[in-house]
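Offset between the sequence shown (1-based) and my numbering: plus 713. Note that beta-carbon positions come from the ideal geometry of N, C-alpha and C, so glycine has one too. Because the structure is a prediction, the values reported are computed rather than measured. What follows is one structure encoded as structure tokens, with my remarks underneath.
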Amino acid sequence: MRSKKLYYIDLVSKVILDSTSVNLKVEEIAASIGVSKKTLYNHFDSKQQLMECVMDSFLKRRIDKIRLDASKAASPIAALVVIGRNVSTLLRDFSSHPAIKGAMIDAAAAQRITDERRGEILDLVVHLFTKGIRTGVFESDIDAALASKLYLSSIEMFSHRHEANAEGLLAGSRLNKVMYYMLKGNCSSIGLGGLREVLDLRVVAC
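Encoded structure:
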């Protein structure tokens, strides 16, 4: 049976996302979901803990979707591209979340939650690089763990720069180039052709 705590986390998450206020009080949150402040505090020690649970749930749901989308990809390279695009979107959505923008959660706690969930994404990326080596789309002598860290870090750096906020096609084109340059050095000749096909790149200037 689904716990009452998870039930409240889901309700509170929706209230925060739907609210026009960037700093809701616990009383306002409780009233919005039809319970008392005391009821919420029966399940959460503080507003801070409630916000930590909300943001952790937000990340978990998005990472579960990333994992699902990657599992549907036709190849390890295609899956890594899917992850790159989804992670870039996730990071922008996380930073613009009302709980973050309104400082409803302590910055150190938000960073800790992000770091913990980031480990799940990194594990998935390592798995895909390892699979790519095994299937011959990546060179056999690459360090899967190091390549994974560099790839994920490059996506994060791009997402935190102003370029990531460019309009639609422009942002997508820039991200494609970031992923291309971070992956191509690891690719075998077969993998490089697949990478260009996945990113729809015919010629990329050096």
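Contact set for V916: own chain, Cβ-Cβ below 6 Å, skip 5 residues either direction: Reliability of the predicted coordinates at V916 is poor, the pLDDT of 45 falling under 50, and no value is obtained from them.
Quick one: Cα of S902 to Cα of D854, how far? 14 Å
So is D769 buried or exposed if we call it buried at 16+ other beta carbons inside 10 Å? buried
Please classify N755: is it buried, with 16 or more other beta-carbons within 10 angstroms of its beta-carbon, or exposed? exposed
Buried or exposed: which applies to E765, given that a residue is buried once 16 or more other Cβ atoms fall within 10 Å of its Cβ? buried
From the DSSP output, in three-state form, read off F851 for me. strand
Return the CA-CA distance between K717 and V748, expressed in angstroms with no decimal places. 12 Å
Mapping DSSP to helix, strand and coil, what is A918? Summary for A918: the model assigns pLDDT 42, below 50, so the residue's position carries little reliability, and this model does not support an answer.
Could you check the C-alpha separation between E910 and I813 for me, to the nearest Å? 37 Å
Nearest-angstrom Cα separation, counted from V728 out to G907: 43 Å
To the nearest angstrom, report how far apart S707 and V838 are at their CA atoms. This structure gives no information on residue 707, because the portion of the chain shown stretches from 714 to 919.
CB-CB under 6 Å to I868, same chain, minus the five flanking residues each way: which ones, in chain order? G797, V800 and S801
Quick check: what's the CA-CA separation for T733 versus H810? 12 Å
From the DSSP output, which residues share a beta bridge with C900? F851
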